[in-house]
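Reading the sequence shown from the start, the letters are residues 1116 to 1920 in the numbering used here. We put the beta carbon where it would ideally sit given N, CA and C, even for glycine.
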Amino acid sequence: MINVVHLRKELRQLTPLLIVVAVLGLLCFALIEMRPMSWGMEMMSSGYVLIGIPALFAVGAGPISISQEKETRSLAWLCSLPLAKDRLVKTKFIAAFLGWIGLWVFTLLCSFFFESMGWRLFPSYAPDSNPLKTTWLVYWVLNSFYLLVIGFLTAWKFENSMTSLLAFVPLAVIPAFLRFGIAYLQDPYYNYGNSRYDETLPQCLVSVGVSLSVAILAMNRVARQTLAPESSRLSPNPYHIFEGASDASIQTSQSVLRPSSAMLWQFFHQNKKAYLSLLSASVLVGLLALYSAGWHGSSGNFVFPILVVTLATSWIGVLVFQSDNHRDRIRYFAEHGVSPRTTWLTRQLLPFGFVCLANLFYLFVLARYINANPSEDQLPLWLAFWFLAFIYGYSQWFAQLVRNPVLSVIGSPIVAYMALGYVFFTLFSVSSRILYIVILTVVPFIATWWMMRRWMDRRFGRRFWCFHAALLLFAITLPIGDLTWFVLNSPDMPDDVKVALRKEGSQIGESPNHYDPFRFNRSLDEPNTVVNPTVERRLELAEQQSDTQDKIDRLQQIMSGSGYQGIRLGEYEVQQLIGNLYLSRTRLEMNPLDQSALDDYQSKLQLMWLAARAARRSVNLKSQEAADFVEIAIIAELQRPETKKSLNENDFDQYVNFVADTESRNKSRRRAIVATWCQFDRRAEDDRSLDSIGDYYIENPLETTLKRLFTNRSRVNHLAWVLLQFLELGPELSEDQKVELLRDRLPYFPDSVLKNYFGFLPRIDDPSETVLYSFGSGLPGNQWFAGWEQAGVDLKQLSTRSMSP
1116 MINVVHLRKE
1126 LRQLTPLLIV
1136 VAVLGLLCFA
1146 LIEMRPMSWG
1156 MEMMSSGYVL
1166 IGIPALFAVG
1176 AGPISISQEK
1186 ETRSLAWLCS
1196 LPLAKDRLVK
1206 TKFIAAFLGW
1216 IGLWVFTLLC
1226 SFFFESMGWR
1236 LFPSYAPDSN
1246 PLKTTWLVYW
1256 VLNSFYLLVI
1266 GFLTAWKFEN
1276 SMTSLLAFVP
1286 LAVIPAFLRF
1296 GIAYLQDPYY
1306 NYGNSRYDET
1316 LPQCLVSVGV
1326 SLSVAILAMN
1336 RVARQTLAPE
1346 SSRLSPNPYH
1356 IFEGASDASI
1366 QTSQSVLRPS
1376 SAMLWQFFHQ
1386 NKKAYLSLLS
1396 ASVLVGLLAL
1406 YSAGWHGSSG
1416 NFVFPILVVT
1426 LATSWIGVLV
1436 FQSDNHRDRI
1446 RYFAEHGVSP
1456 RTTWLTRQLL
1466 PFGFVCLANL
1476 FYLFVLARYI
1486 NANPSEDQLP
1496 LWLAFWFLAF
1506 IYGYSQWFAQ
1516 LVRNPVLSVI
1526 GSPIVAYMAL
1536 GYVFFTLFSV
1546 SSRILYIVIL
1556 TVVPFIATWW
1566 MMRRWMDRRF
1576 GRRFWCFHAA
1586 LLLFAITLPI
1596 GDLTWFVLNS
1606 PDMPDDVKVA
1616 LRKEGSQIGE
1626 SPNHYDPFRF
1636 NRSLDEPNTV
1646 VNPTVERRLE
1656 LAEQQSDTQD
1666 KIDRLQQIMS
1676 GSGYQGIRLG
1686 EYEVQQLIGN
1696 LYLSRTRLEM
1706 NPLDQSALDD
1716 YQSKLQLMWL
1726 AARAARRSVN
1736 LKSQEAADFV
1746 EIAIIAELQR
1756 PETKKSLNEN
1766 DFDQYVNFVA
1776 DTESRNKSRR
1786 RAIVATWCQF
1796 DRRAEDDRSL
1806 DSIGDYYIEN
1816 PLETTLKRLF
1826 TNRSRVNHLA
1836 WVLLQFLELG
1846 PELSEDQKVE
1856 LLRDRLPYFP
1866 DSVLKNYFGF
1876 LPRIDDPSET
1886 VLYSFGSGLP
1896 GNQWFAGWEQ
1906 AGVDLKQLST
1916 RSMSP
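Structural data, given as structure tokens:
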């Protein structure tokens, strides 16, 4: 029969653990669900975090229920009461079992609720392993129950919670090793990559069931031995890590005079078994993984050794404060006047040395273990050092805040990984500066350094918690504050300019989203359908195209309509126009007396002139850019002495007048800017094309970050305003002045990056030397006021002088 009072006492003792694991589990679940889309949707399954909450409770239930009572000697007091030893063991386990059952009910209810809301908790590429829809849930439940049993086994066996938690790890992986052993017997060349072993549910249940049966028997036996009266006459447990403060093994030699050296020596002896255990486990796992990869010729799965190293680093950080929390050992130093700074430094030096050793371990073992990738693709040593130092820093901060060693050991790796995820979020999604990442890294060390005196004196008052809360709030809001500052100070178009442009744009109309009826036949106008075609082949393909005169007639008919907004030209159409003109000229040069070749050349040049005129009438901004390149090609053609001989005088003059008309060209550009900006200004905030204007996608080095997301509208507004300023200032605006106008957009980038990125270079000054007519979707204004425009004016002046007597 169970004592109800004793059961209620055990449940109250386990309540903090229940709350902590539930809160941490839900917080991890929320962070994974709120991850950016670019981080991947399939491999980061939040459902496993939810169903892992009961297993997390199972890890700490035994140490909290038993080990802490051993440390405070309350277990001896319970044994002195008139309670049967079997009943005491059963009551403690039943209390933990009830908490475990309650967490499973809570977890399953949350999982089914989120699934009913349409959330994808488990990967869709493996529906057969979804625990909520298959019998694999039985395996998850049985496995977490096995963790609960071995947690009680180690808690009954060892005298303190830290030792029991360290001993818990090798026992927890026994079912996995048993399963892999079965796989090895079936296939001696088993490896992670290409195994014929199929981990079916019955095989997994057998491995866990056998391990669970042995663990239950061992737990009962160890519990009976621990509570037996004769156990008090036995020698101390040989596995005891934390010797008493009066133990001779931790006494400082009389030859050591410096307090810092004595404290280092004492701290090492106090935790030497824990350090050696964690170091040995990390090295052993890494060497086994390296051996497995080399023996089977596969890089294997590197996640497990990396996880062991990071877990060991986190627990080393916990030992910084929890080893002195044990039986309030730190009071000895506080009462004897030891400086908090000296205590902090001596407690941090040895654990931080473990981080350095872990990096050497990564360099010489894990880096070779992950040798499937080239050496330049491996994680740099400095980045691995920062990674482990970051985990260590937040683990030791958490250990100073939480006095309970069990909660510290369980929560510190989770808290450290959540902090690491927040850093990655700020770095890749917020695009925070490296300085902020450095600040987030050193904040935990500043917090523990500053509050060391209060921690030593055990003064956990309002000032202690307010200081830690303020630093935590500072660490969280620092990247957000930078994002807010960037958004609020993002340059925009002045409000009075917006009002004027909206009024002007209402009289112009919109650029149609569809292409105009006049389209070039891409299947027939393709001059490069074969690799390195000969001139004869090019001429043959040119002859196969549709009638150029028909295109001219259709274009003239469309342009004669009232209210016509011109045509939309792109890079492909420009290259086809110029390429076909080049082929026609080549044909004419080969047959100068061929009238059909001359007519074809004249019609191709006329088509380019009409296309440029129609594009100038367009209110599409990209069509204006295309018209620039068409005019450059026309100027290059008119500069050739043979061209004037091949054209009649009227056609030559109207071509020259067109390319020399700078005022009409700038009016068309301004009209297109105003029209496209007004069309952009009317878009909704959730429009997917909010970062584009006139078929130009305004990309920047910030990539798809929150800074770009929150400044899309102001960024495009500012660009339109800058383009209008370019047109107003004209050729007097130098390259440096253009960069200065864009300086407020990206203040952290050098001028050379801005010049190349925003597309103002290279510029075409001599059309006759231009062989590349290509423009993308970066930014408009590539060739505005370049030398080719003055070349068109000079061409008209030369033609006028030649006509004068």
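Worksheet item: From SER1413 to ALA1330, what distance separates their C-alpha atoms?
Response: At SER1413, the pLDDT of 45 sits below 50, so the modelled position is not reliable; the number obtained from the coordinates is stated separately. Roughly 34 Å between the two C-alpha positions.
Discussion item. With three or more beta-carbon pairs closer than 8 Å as the criterion, would you say the stretch 1457-1465 touches the stretch 1531-1539?
Written reply: no
Worksheet item: For the alpha helix (DSSP H) that contains GLY1694, what are its first and last residues?
Response: 1686-1705
Worksheet item: ALA1727: which of ASP1881, PHE1267, PHE1601, ARG1780 sits nearest, CA to CA?
Response: ARG1780
Worksheet item: Is it true that the CB of VAL1517 sits closer than 8 Å to the CB of GLY1508?
Response: no
Fill in: Whole-angstrom distance between SER1180 and LYS1207, CA atom to CA atom
7 Å
Worksheet item: Relative to the alpha-carbon of CYS1987, which residue among GLN1340, ARG1339, ILE1297 has its alpha-carbon at the smallest distance?
Response: An answer regarding residue 1987 cannot be provided, because it is not within the stretch 1116 to 1920 covered by the chain.
Worksheet entry | Buried or exposed by the 16-neighbour rule on C-beta atoms within 10 Å, applied to MET1923 | Given that the chain is displayed from residue 1116 to residue 1920, the structure contains no residue 1923 and the question cannot be resolved.
Worksheet item: CB-CB under 8 Å to ALA1615, same chain, minus the five flanking residues each way: which ones, in chain order?
Response: none
Fill in: Helix, strand or coil at TRP1899 according to DSSP, with G and I counted as helix
coil
Fill in: Buried/exposed call for ALA1514, threshold 16 Cβ in 10 Å
buried
Fill in: With 16 other Cβ atoms within 10 Å as the buried cut-off, status of CYS1471
With fewer than 16 Cβ atoms within 10 Å of its Cβ, CYS1471 is classed as exposed.
Discussion item. Tell me the rounded alpha-carbon separation between ARG1797 and PHE1575.
Written reply: 57 Å
Fill in: Range of the contiguous alpha helix (DSSP H) that encloses HIS1833
Taken as a continuous stretch (DSSP letters only), the alpha helix (DSSP H) holding HIS1833 covers 1827-1844.
Worksheet item: Does the Cβ of GLN1739 have 16 or more other Cβ atoms within 10 Å, making it buried, or fewer, making it exposed?
Response: buried
Worksheet item: Secondary structure at ILE1879, three-state DSSP: helix, strand or coil?
Response: coil
Fill in: Proximity winner among ASP1880, SER1783, GLY1896, relative to GLN1905 (alpha-carbon distances)
ASP1880
Worksheet item: Expressed to the nearest angstrom, what Euclidean distance is found between the alpha-carbon atoms of LEU1639 and SER1718?
Response: Any reading at LEU1639 must be qualified, since the residue scores a pLDDT of 35, below 50, and its modelled position is unreliable; no value is offered.
Practice prompt. Decide yes or no for the touch test of the stretch 1541-1553 against the stretch 1431-1449: beta carbon pairs closer than 8 Å, at least 3 of them.
Written response: no
Worksheet item: Taking C-alpha atoms, which residue in SER1395, TRP1565, LEU1503 lies nearest to SER1454?
Response: TRP1565
Discussion item. Quick check on HIS1355: does DSSP put it in helix, strand or coil?
Written reply: With a pLDDT of 46 at HIS1355, under the threshold of 50, the predicted position of this residue should be treated as unreliable, though the coordinate-derived value follows. Three-state result, HIS1355: coil.
Practice prompt. Kindly indicate which residue of ARG1785, GLY1681, GLY1432 has the alpha-carbon position closest to the one of PHE1560.
Written response: GLY1432
Worksheet item: In three-state terms, what does DSSP make of GLU1274?
Response: Coil.
Discussion item. Measuring straight from C-alpha to C-alpha, what distance separates ASN1706 and VAL1789?
Written reply: 48 Å
Discussion item. I need the straight-line Cα distance from TYR1163 to LEU1236, nearest angstrom please.
Written reply: 8 Å
Fill in: PRO1169 - containing alpha helix (DSSP H), residue span
Element bounds for PRO1169: 1168-1177.
Worksheet item: Given that a residue counts as buried once 16 or more other Cβ atoms are within 10 Å of its Cβ, and exposed if not, what is ILE1595?
Response: exposed
Worksheet item: Can you list, in chain order, the residues of its chain whose CB lies under 8 Å from that of TRP1215, leaving out five sequence neighbours each side?
Response: PRO1169, PHE1172, ALA1173, ALA1176, SER1259, PHE1260, LEU1263
Item to complete: Round the Cβ separation of GLN1710 and ILE1667 to the nearest angstrom and send it over; I've been treating them as touching at under 8 Å.
Response: Actually they are not in contact, since the Cβ atoms of GLN1710 and ILE1667 sit about 18 Å apart, beyond 8 Å.
Worksheet entry | Pairwise C-alpha distance: ILE1134 and PRO1290 | 28 Å
Discussion item. If I measure Cβ to Cβ from LEU1684 and keep anything under 6 Å in the same chain, skipping five residues before and after, which residues do I get?
Written reply: ALA1730, SER1738, ALA1741
Practice prompt. Please say whether VAL1521 and SER1276 have beta carbons closer to each other than 8 Å?
Written response: yes
Fill in: Rounded straight-line distance, which links the Cα of LEU1542 to that of PHE1841
35 Å
Worksheet item: In angstroms, rounded to a whole number, what distance separates the CA positions of ALA1389 and TRP1234?
Response: Within the model, the alpha-carbon separation for ALA1389 versus TRP1234 is close to 42 Å.
Discussion item. Considering only the alpha carbon of each residue, which of VAL1530, MET1149, ASN1765, ARG1786 lies closest to GLN1622?
Written reply: The shortest C-alpha separation from GLN1622 is found at ARG1786.
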